[in-house]
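Input: a single structure, listed below in structure tokens.
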Amino acid sequence: TSIADGLLPLRAGDLTFAHAQAFVDEFVTVADREIAQAVVWLHRRAKLVVEPSGATAFAAVLNRAAEGQFSSSERVVAILTGGNMAPETLMKCVALAG
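Numbering (this note's numbering), first residue to last: 1273 to 1370.
In structure tokens:
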């Protein structure tokens, strides 16, 4: 299980898998706590409601930025999706984020 339950398919669809093979250079994993921290950051600082599955890319960006993996000249994009989050999910993220 994961806080990002929207990203837990049983298997990748054929079209999705083919596109990933052709166009994705790297996969990055993030822990549930990192996702929760991203959800809380977006809510508190950007005033956005983004459900955990939609905040995973931003969680990866936050982690890499904290590790100094981006130069000041790089442009980084994270697409945020899914604003239909129950208040209980936000509270779970706040608790998990620490």
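We treat Cβ as the ideally placed atom computed from N, Cα and C, and that holds for glycine.
The three-state reading of DSSP puts Met-1357 in coil, since its state is none of H, G, I, E or B. Annotation for Asp-1277: Pro-1324 and Ser-1325 place their beta carbon closer than 8 Å to its own, counting only its chain and skipping 5 residues before and after.
When DSSP states are grouped into helix, strand and coil, Leu-1314 belongs to the helix group. Classified as exposed, Glu-1346 has fewer than 16 neighbouring CB atoms from the shown chains inside 10 Å of its CB. Between the C-alpha atoms of His-1291 and Ala-1284 there is a straight-line separation of about 11 Å. Under the three-state reduction of DSSP output, Ile-1351 falls in the coil class, being neither helix nor strand. Secondary structure at Gly-1278: helix, using DSSP grouped into helix, strand and coil. In this chain, the alpha helix (DSSP H) harbouring Thr-1288 covers 1286 to 1295.
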